[in-house]
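>
Residue numbers (this note's numbering): 671 to 944.
#1: Please work out which residues of its chain come closer than 6 Å, Cβ to Cβ, to residue 873, disregarding the five sequence neighbours upstream and downstream, and give them in chain order.
#2: So, under 8 Å CB-CB, residue 754 and residue 692 are touching, yes? Tell me the CB distance rounded to an integer number of Å.
#3: Taking residue 968 as the reference, which of 826, 701, 787 and 761 has the closest Cα?
#4: DSSP beta-bridge partners for residue 716?
#5: Can you tell me the Cα-Cα spacing of residue 823 and residue 915, whole angstroms?
#6: Counting along the chain, where does the alpha helix (DSSP H) carrying residue 786 start and finish?
#7: Considering only the alpha carbon of each residue, which of 876, 792 and 810 lies closest to residue 762?
#8: With respect to the beta strand (DSSP E) encompassing residue 947, which residues constitute its N-terminal and C-terminal limits?
#9: Taking just the CA atoms, how far does residue 815 sit from residue 717?
#10: Can you tell me which of 737, 776 and 739 puts its alpha carbon nearest to the alpha carbon of residue 898?
#11: For residue 925, count neighbouring C-beta atoms within 10 Å of its own C-beta (all shown protein chains included) and say buried if the count is 16 or more, exposed if not.
#12: Per DSSP, which residues does residue 805 bridge with? Please list them.
#13: Between residue 996 and residue 857, what straight-line distance do the alpha-carbon atoms span, to the nearest angstrom?
#14: Rounded to whole angstroms, what's the CA-CA distance from residue 689 to residue 903? Just pull it up for me.
#15: Between the Cα of residue 939 and those of 687, 917, 928 and 771, spot the shortest distance and give me the residue it belongs to.
#16: Look up residue 869 in the DSSP assignment and say whether it is helix, strand or coil.
#17: Do residue 870 and residue 797 count as a contact pair if the criterion is CB distance below 8 Å?
#18: Whose CA, out of 736, 752, 732 and 725, lies closest to the CA of residue 713?
#19: Hey, out of 726, 876, 768 and 802, whose CA is closest to residue 699's CA?
#20: Which of the three DSSP states is assigned to residue 940 in this structure?
#21: Does DSSP classify residue 696 as helix, strand or coil?
#22: Hey, how far is the Cα of residue 706 from the Cα of residue 936?
#23: Evaluate residue 770 with the Cβ neighbour count: other Cβ atoms within 10 Å of its Cβ, from every protein chain shown; 16 or more gives buried, anything less gives exposed.
#24: Is it right to say residue 676 is buried, meaning 16 or more other beta carbons lie within 10 angstroms of its own, or is it exposed?
#25: Under a three-way DSSP split, which group does residue 856 fall into?
Shown next as structure tokens:
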């Protein structure tokens, strides 16, 4: 089961600067798709730092320095109107140094704990995320601030983002891995079951169909992408820069883009940069 909400597209206009959408891999395309629904004419630059994927394997100080350095290069090259960090692992670590160093707006991605706590009917929710996001103090502070009345299961899924990458690239996946990764989300406390699972990684929405197949009972998979897109519109004060050139997808590894991923990019109006 998924939450549905109709969005009203915002028309373009302005000086033609792109919006930069950044992730460690291709999971951030779930966020880009939501942005595209609200801003159908907006020029977008999607950057997948797949040379450094997965971010969860990095030491925090090294990852922070890497992203800040890379972001400096990207901002210099593309002069974006705003940057969306479409990655929970990165957002919970590097938003403060990025905002301190660069003057343009940054929109981050953090686990949707607050809306989950507001919407749960049973009071039992789970946060499914990478090991790094689960370990962050930021995540625990979200729970302390917004979900004190709920029973919250923190579930680290170290293999799930890689499964999503494989799926989007047209490679075979093991459904049993998905079953094992999500199983701890499903608990029963005082006769009440988990009813909402917060998707704390932008890769995970691409696995919802697969997760529904192996889940022991139906839940709401809470995808933060629509809220991130609305936040971007708010940050830009509704003054959405108009199109000036093609929307592109860049991959830091330089590896060839497989046909299935090329088709996915085209569906979002992106051309893979050579």
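Positions of the beta carbon are idealized from the N, C-alpha and C atoms, including for glycine.
As the structure is a prediction and not an experimental result, all values here were calculated from the model.
Well, looking at it:
#1: 697, 831 and 834
#2: In this structure residue 754 touches residue 692 by the C-beta definition: roughly 7 Å separates them, less than 8 Å.
#3: Summary: the structure shown does not reach residue 968, with the chain confined to residues 671 through 944, and so no result is reported for it.
#4: 691 and 919
#5: 45 Å
#6: 783-789
#7: 810
#8: The first residue shown for the chain is 671 and the last is 944, placing residue 947 beyond what the model contains.
#9: 32 Å
#10: Proximity to residue 898 across 737, 776 and 739 peaks at 776, based on C-alpha coordinates.
#11: exposed
#12: As DSSP reads the structure, residue 805 sits in no beta bridge.
#13: Because the chain here runs from 671 to 944, residue 996 falls outside it and cannot be looked at.
#14: 11 Å
#15: 917
#16: strand
#17: yes
#18: 752
#19: 876
#20: coil
#21: coil
#22: 12 Å
#23: exposed
#24: Caution is warranted here: a pLDDT of 38 is assigned to residue 676, below 50, making its placement in the model unreliable, and no coordinate value can be reported.
#25: coil
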